[in-house]
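Heads up: the sequence lines are chains A and B, in that order. Under this note's numbering, the first sequence has 173 at position 173, and the numbering climbs by one with no breaks. Just add 1000 to wherever you are in the second sequence, counting from 1, and you've got this note's numbering.
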Amino acid sequence: MYRKVTIDLQLIEDCGTHGLAQSAKFTDMLRLHLDIKVPVAARAIRGSLFALAILATTHHGSAQNTPLISGGAGFFTSTNGGMTTYLPIIEPLIAAPLGQHVLAESRAALLEIVSPNGSNQSGYDHSHFIGLTYLQGDYLASRHFTLVGGDYLIPFNTYNDRLSPIWIGNLQDGPLIASLGTFSSGSGLGGMLRGNAIESNKYSIDYACFYSVPSSNEQFIAQRGSGGRASVYLPNQRLEAGFSYDRLLQSTRENFFGAHVWWEPKDTAFRLRSEFGRGQHAQGYWVEADYRTQRFGGLDSAIGRIEPVFRMQQTFRIDAVASDGLPSMNTQRVDFGLNYSLPHNTRILTSYARQFSASGNQNIWETGIVYRFLVPAWKGKR
Amino acid sequence: MMNSKLGLCGVLVLVSVSAFAVGAQQGGAPVTAPTRTAADAKQPAQQQDEGQRVFQQHCSRCHAAPEGFSPRISGTIVRHMRVRASLSEHEEKELLRFFNP
C-alpha cells in the first residue's frame, strides 16, 4: 500500500511549476529532494473517512446550510527550454457548517507531474502527490473574533491564503516571493485569531494573528512560529493596504516582513495587486494587473471574457543562504498572460514569461484549463 | 542597469493599463452583477444593493463569482465568506438575501 515518490527539485523548478501548487505542503515538498514513502492508498482512505465524519456530523435540517464540495480541476503545461511538463491537478475543498457558529473546512491537492527525463534521455517520468493543504475548524464568536484551530494557511501577505487556489490565480505560477514568511510549508498548526477590528463607512481594519507549533506529521508539516497581518480597506476608493510580520521560532530564528497594496477601481473590472516581502536572506516584490472590458456587451460577452494579465517581479538575495525558497541569484521576471473565461466556470490560462538572472535567462510558456466546481455534498430538501 | 530599465518598463505598462482601464469605464455600463445576481423585481432595491455591495467589496476582491450554484449551499458559502472576509451578521444576511432573492 505504500508507494515511493521521488521528486527532483531542480527539474521542477526549471520547469517553472513550483509556484503552481502553492498549496502548502506541495510547495514545501518541491523545494526538497524527496525520497519518502507516501502511504497513498491509506491516506486516501483516511481522508475520505474524515470527510465523511465531518459530513455526518452536520445537521440536515437547514435548507441553505448543506455542506458543500467545491474546488478546481485543471490541466496545465509548462514549456521551458523546449522541455514541456504536464500537470493534471484536482484541488477539492469541503466546507461544512456545524450548528450556528462553527465551520469545518479543508482543502486538498491531488496531482500528477509528467516531466521529461533529463540528461539527454528520451521519454517522460511521472510522480504524484496527494496531500491536505489545510484542515481547520472556525468558531465565529462575532465579527471581531473568529477563532481558527487546526492546520491553517499562514496569513502572511496575500498570496498564500487568498490567491493560491487554482481557480482564483490569474497565472499558473505563483510569485517568486510566495514562500517568504510562510514557513516553507505554507501552513501552521495551532491557533489563529482573526476578524474585523474597526469599521466605519470610510474604512475598515482587519487583522489575523497566529501561533504555530512544530509538527513533522506528513500531512501537517509545520514549524514553530507566530505572526500576523493587519490591513486597512477604503471602500470608497476600493483600496486595500496591509502589513504582515511573522517570526520563525524554530532552529534558526528569522523575521519576515511583508506589505501589500490592492486597488480595484469602482465600476471597473480592473485589478491591481502588489506585494513586498523581506526575509533574513532575501527580499522581493511583485505587481500584477488584470483587466476585463465591459464595453462590448458586459463581462459575459465574448470580448468581455478576455482577460489580459501582466505581472512583473524582482527578487534580491541578501546573502548566499538560500533557505527561503527564493532564487539563489537576483532575478527579474515579467509575465504576460491572456486568459479566457468560458461559460460554466471554466477558464483558459495562457502566459509567456521571460526571466532574467545571472544563472541564465529563460522563456517560459504556459497553458492551462481550470474548471471550478461548487455543489452540495448531498441531495437534500430545497 | 537592467533592473532599473525593467522596473521603468513595468511601471510604464502598469500606468498605461491603469489609465486605459479607468478611462474605458467613463460613461460605460455599470458593473454587471455576478451571475447569481438578484435581478428580482420583487426584491426591494435597497436590500439588493446592500447585498451586492457586500459581494463586490468583500467577495469579489479576491475571486470572480461562480456561475450559478444550488441555493441549498448558499448559507454555507456565506459562512465561509464570513470567516474569510470578517463579515458582520447583518452583512451575512444581506449576502444571503442577495444570493436568494
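C-beta: ideal position from N, C-alpha, C; glycine also.
**OP:** Determine the extent of the beta strand (DSSP E) in which V261/A is found, giving its start and end residues.
**Re:** As a first step, residue 261/A must be located in the first sequence, where it is residue number 261. Per DSSP, V261/A belongs to the beta strand (DSSP E) from E254 to W263.
Against chain A: residues of the region 1059 to 1078 of chain B by CB proximity under 9 Å: Taking 9 Å as the Cβ-Cβ cut-off against chain A, the residues of the region 1059 to 1078 of chain B that qualify are S1060, R1061, C1062, H1063, A1064, P1066, E1067, G1068, F1069, S1070, P1071, R1072, I1073, S1074, G1075, T1076, I1077 and V1078.
| query | Quick one: which chain B residues come within Cβ less than 8 Å of H260/A? | reply | Translated into positions along the first sequence, residue 260/A becomes position 260. Per Cβ cutoff of 8 Å: no residues; H260/A is ~12 Å from chain B at best.
inquiry  = So, for K379/A: in the same chain, excluding its five sequence neighbours on each side, which residues have a beta-carbon less than 6 Å away from its beta-carbon?
reply    = The residue you call residue 379/A lines up with position 379 of the first sequence. Same-chain partners within the cutoff: there are none.
(request) Kindly list the residues whose CB is nearer than 8 Å to the CB of K1042/B, restricted to its own chain and excluding five residues on each side of it in sequence; keep chain order. (result) What you label residue 1042/B is simply residue 42 of the second sequence in a count that begins at 1. Interpretation of K1042/B is limited by its pLDDT of 44, a score under 50 that renders its predicted location unreliable; the figure taken from the coordinates is listed afterwards. Here the set comprises P1101.
Worksheet item: CA-CA distance, V1022/B and E1092/B?
Response: Within the second sequence, the letter at position 22 stands for residue 1022/B. Within the second sequence, the letter at position 92 stands for residue 1092/B. Bear in mind that a pLDDT of 41 at V1022/B, under 50, signals an unreliable position, so the number given afterwards is only what the model happens to contain. Rounded to whole angstroms, V1022/B to E1092/B spans 30 Å at the Cα level.
From the DSSP output, which residues share a beta bridge with Q1049/B? As a first step, residue 1049/B is located in the second sequence; it is residue number 49 there, counting from the start. Sequence check: residue 1049/B is Asp here, not Gln. Partner(s): none; D1049/B has no beta bridge.
I'd like the list of long-range same chain contacts for V287/A, defined as Cβ closer than 6 Å, with 5 residues on each side in sequence excluded. One-based indexing of the first sequence puts residue 287/A at position 287. These residues qualify, in order along the chain: S274 and M312.
Candidates S226/A, Y139/A and L234/A, of which the one nearest G392/A by Cα
Look at the range of chain A in this structure, 1 to 382, and you will see that residue 392/A is not part of it.
Neighbour flag for H281/A against chain B, beta carbons, 9 Å
Locating residue 281/A in the first sequence gives position 281, where the first residue counts as 1. Not one chain B Cβ lies under 9 Å of H281/A.
Put D300/A into one of helix, strand or coil per three-state DSSP. Within the first sequence, the letter at position 300 stands for residue 300/A. D300/A falls in the coil class under three-state DSSP.
Going by beta carbon distance, what residues of the same chain come within less than 7 Å of E199/A, once the five residues before and after it are set aside? The count along the first sequence starts at 1 and reaches residue 199/A at position 199. The answer is none, since no qualifying residue turns up.
Q. For V148/A, which residues does DSSP report across the bridge?
A. Walking along the first sequence from the start, residue 148/A turns up at place 148. Bridge partners of V148/A according to DSSP: D138/A and M192/A.
State the CB to CB distance for the pair S244/A and R229/A, rounded to an integer number of angstroms; the pair is presumed to be in contact (CB under 8 Å). Within the first sequence, numbered from 1, the residue matching residue 244/A stands at position 244. Within the first sequence, numbered from 1, the residue matching residue 229/A stands at position 229. Confirmed, Cβ separation roughly 4 Å.
Could you tell me which residues DSSP puts in a beta bridge with W365/A? The residue labelled residue 365/A in the question sits at position 365 within the first sequence. DSSP lists T79/A and Y352/A as partners of W365/A.
task = Determine, using beta carbons only, whether I130/A comes closer than 9 Å to chain B.
result = By 1-based counting over the first sequence, the position of residue 130/A is 130. Not closer than 9 Å to any Cβ of chain B, the Cβ of I130/A fails to qualify, so no.
Rounded to the nearest angstrom, how far is the Cβ of G181/A from that of G279/A, given a contact under 8 Å?
Position 181 of the first sequence, counted from the first residue, corresponds to residue 181/A. Position 279 of the first sequence, counted from the first residue, corresponds to residue 279/A. 7 Å between Cβ atoms; contact.
- Query: Got a sec: is the Cβ-Cβ distance from E1094/B to anything in chain A below 9 Å?
  - Reply: The residue labelled residue 1094/B in the question sits at position 94 within the second sequence. So, not an interface residue.
Beta-carbon of R1097/B versus every beta-carbon of chain A: anything under 9 Å? Counted from its first residue, the second sequence places residue 1097/B at position 97. So, not an interface residue.
Q) Nearest-angstrom Cα distance between Y159/A and G258/A? A) The residue you call residue 159/A lines up with position 159 of the first sequence. The residue you call residue 258/A lines up with position 258 of the first sequence. Those two C-alpha atoms are separated by around 11 Å.
9 Å Cβ cutoff, D173/A in contact with chain B:
Here residue 173/A refers to the residue found at position 173 of the first sequence. No, its Cβ sits nowhere closer than 9 Å to a Cβ of chain B.
> What are the boundary residues of the alpha helix (DSSP H) that A1085/B is part of?
Replying inline: Within the second sequence, residue 1085/B is the residue found at index 85, counting from 1. Start and end: S1074 to A1085.
Anything in chain B within Cβ reach of G195/A, meaning under 9 Å, just list it in chain order. On the first sequence, position 195 is the one that residue 195/A refers to. Near G195/A (Cβ distances below 9 Å), the residues of chain B are S1086.
- request: Just the C-alpha distance for L103/A and L135/A, rounded to the nearest angstrom, thanks.
  value: If you number the first sequence from 1, residue 103/A lands on position 103. If you number the first sequence from 1, residue 135/A lands on position 135. The alpha-carbon atoms of L103/A and L135/A are separated by roughly 11 Å.
Roughly how many angstroms lie between the CA atoms of F1055/B and P265/A, to the nearest whole one?
Walking along the second sequence from the start, residue 1055/B turns up at place 55. Walking along the first sequence from the start, residue 265/A turns up at place 265. Cα-Cα distance, rounded: 15 Å.
| Cα-Cα, which of L111/A, L68/A and A73/A is closest to E105/A? | Residue mapping note: residue 105/A aligns to position 105 of the first sequence, counting from 1. Closest by alpha carbon: L68/A.
Can you look up D324/A in the DSSP assignment and give me helix, strand or coil?
One-based indexing of the first sequence puts residue 324/A at position 324. Three-state DSSP puts D324/A in coil, outside helix and strand.
Notebook entry, point to check: So, is the C-beta of Y371/A closer than 9 Å to a C-beta in chain B?
Noted result: On the first sequence, position 371 is the one that residue 371/A refers to. No, Y371/A does not count as interfacial toward chain B.
* Exposed or buried, which one is H1090/B when buried takes at least 16 other CB atoms within 10 Å? -> Walking along the second sequence from the start, residue 1090/B turns up at place 90. Per the 10 Å Cβ criterion, exposed.
* Taking three-plus beta-carbon pairs below 8 Å as touching, is the region 77 to 96 of chain A in contact with the region 352 to 366 of chain A? -> yes
Would E1050/B count as contacting chain A if we go by Cβ distances under 9 Å? Your numbering for residue 1050/B matches position 50 in the second sequence. E1050/B has a beta carbon lying at 9 Å or more from every beta carbon in chain A.
Given this structure, state the Cα-to-Cα distance separating F276/A from R295/A, to the nearest angstrom. What you label residue 276/A is simply residue 276 of the first sequence in a count that begins at 1. What you label residue 295/A is simply residue 295 of the first sequence in a count that begins at 1. Taking the straight line from one Cα to the other gives about 33 Å.
task = Look at the Cβ atom of D161/A, then the Cβ atom of L147/A, and state whether they are nearer than 9 Å.
result = In the first sequence, the residue the question calls residue 161/A occupies position 161. In the first sequence, the residue the question calls residue 147/A occupies position 147. Taking 9 Å as the Cβ cut-off, D161/A and L147/A do not qualify as a contacting pair.
Which of the three DSSP states is assigned to L163/A in this structure? Reading the first sequence from its first residue, position 163 is the one you call residue 163/A. Correct three-state label for L163/A: helix.
Using only CA atoms, which one of T346/A, V309/A and P327/A lies nearest to F336/A? In the first sequence, residue 336/A corresponds to position 336, counting from 1. The residue with the shortest Cα to Cα distance from F336/A is V309/A.
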